[in-house]
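Asks:
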Amino acid sequence: MNRRALFLSIPAFAMMPAKLRAEQPWAARLLKGGFDGSHYRMGLHITMADHWKTYWRVPGSGGVAPQIDLKSANLKDFAISHPLPTRFGANETEAIGYEHEVVFPIAAEPLDASKALEISVDAFFGICEIVCIPAKFEDSLTFSPQLADAPDQGLLNQWQKRVPKLLDAKPVLSAKIEQQAGKINLLLETSATLSDIFVEGSPLHYYEKPLLMRGLAKLAVSGAGDIAEIRGSTLRLTLDDGGQGLEQLVTVV
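With the sequence shown counted from 1, adding 47 to any position gets you this note's numbering.
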């Protein structure tokens, strides 16, 4: 589902019968995970009906990445984590994201840890089956420094374990860009057998599902006019190592 189709679905969704709109295929809530000594732990938990999906931060060849914003007078900074995603479809209809449910863990750093953190969350994300609909969620939480209030700690911990870890070791040994017969490909030399590779670079470029061979991964690149646009750039790789998420930065030569 491309971005145009997603946003064209907004007026269509508004015109749906009230009963159908009421039976929305998703639900969301905020999770409360307590204080770890420097950050309050929370999360956005999204559940979806069968066959419905939502997107990762790089949504695929189409779609919209989730947008999550936090506001509070006592908020210094926050960080949102994205669990290892799954790839759906292929090529022009390819999407990257989650089905059934997902938790986006959030770490919120207060300006003054001795004071309560009253925080509001505003989220926008796409929910897709055959058609995509926009989803907007707003809610708030209050954390108290005097209370170890962490009713959702277990669920948050489960999803935090699915967040890819940045590596010191290098499963990807090198990254090269090539152009043959008008097609641009990213070639990754690997030292591990990987299930999938998700690539983040310029928002103008999209790296398709890799062709995985022994010691090599080949990813077609769309949106780039010339290899010079990519050569010398740093790419963020998210590696699926049999269900374990890993991250690595590479420079393309």
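Here a beta-carbon is modelled for each residue, glycine too, at the ideal position from N, C-alpha and C.
Do you know whose CA, among Gly81, Ser187, Gly292, Thr101, lies nearest phenylalanine 171's CA?
Replies: Position 124 of the sequence shown, counted from the start, is the residue given in the question as residue 171. It is Thr101 whose Cα lies nearest to the Cα of phenylalanine 171.
Asks: For threonine 189, count neighbouring Cβ atoms within 10 angstroms of its own Cβ and tell me buried if that reaches 16, exposed if not.
Replies: Looking up residue 189 in the sequence shown gives position 142. By the 10 Å Cβ count, threonine 189 comes out exposed.
Asks: Following the continuous alpha helix (DSSP H) through glycine 201, name the residue where it begins and the one where it ends.
Replies: The residue given as residue 201 occupies position 154 in the sequence shown. Run containing glycine 201: 200-207, per the alpha helix (DSSP H) assignment.
Asks: How about leucine 91 and valine 168: do their beta carbons lie closer than 8 Å?
Replies: Residue 91 sits at position 44 when you count from the first residue of the sequence shown. Residue 168 sits at position 121 when you count from the first residue of the sequence shown. Contact: yes.
Asks: Cβ of isoleucine 143 within 8 Å of Cβ of alanine 155?
Replies: Along the sequence shown, one-based indexing puts residue 143 at 96. Along the sequence shown, one-based indexing puts residue 155 at 108. Not a contact, by the Cβ cut-off of 8 Å.
Asks: To the nearest angstrom, report how far apart glycine 109 and tyrosine 87 are at their CA atoms.
Replies: Residue 109 sits at position 62 when you count from the first residue of the sequence shown. Residue 87 sits at position 40 when you count from the first residue of the sequence shown. Rounded to whole angstroms, glycine 109 to tyrosine 87 spans 33 Å at the Cα level.
Asks: Helix, strand or coil for arginine 68, going by three-state DSSP, please let me know.
Replies: As a working note, residue 68 is residue 21 in the sequence shown. Note that arginine 68 has pLDDT 46, beneath the 50 cutoff, so the model's placement of it is unreliable and the number below is only indicative. Reduced to three states, the DSSP call for arginine 68 is helix.
Asks: By DSSP, does glutamate 141 sit in helix, in strand, or in coil?
Replies: By one-based count along the sequence shown, residue 141 stands at place 94. The answer is coil: DSSP assigns glutamate 141 none of H, G, I, E or B.
Asks: Looking only at its chain, what residues have a beta carbon closer than 6 Å to the beta carbon of phenylalanine 184, apart from the 5 residues adjacent to it on each side?
Replies: Here the question's residue 184 lines up with position 137 in the sequence shown. These residues qualify, in order along the chain: Ala75, Ala170.
Asks: Which residue marks the beginning of the beta strand (DSSP E) containing glutamine 227, and which one marks its end?
Replies: Along the sequence shown, one-based indexing puts residue 227 at 180. Looking at the DSSP string, the run of the beta strand (DSSP E) that includes glutamine 227 is 219-227.
Asks: How many angstroms separate the CA atom of lysine 265 from the CA atom of leucine 203?
Replies: Along the sequence shown, one-based indexing puts residue 265 at 218. Along the sequence shown, one-based indexing puts residue 203 at 156. Each residue's alpha carbon lies about 35 Å from the other.
Asks: Sorted by chain position, which residues of the same chain lie with C-beta nearer than 6 Å to proline 211's C-beta, five sequence neighbours on each side aside?
Replies: The residue given as residue 211 occupies position 164 in the sequence shown. Leu131, Thr285, Gly292, Leu293, Glu294.
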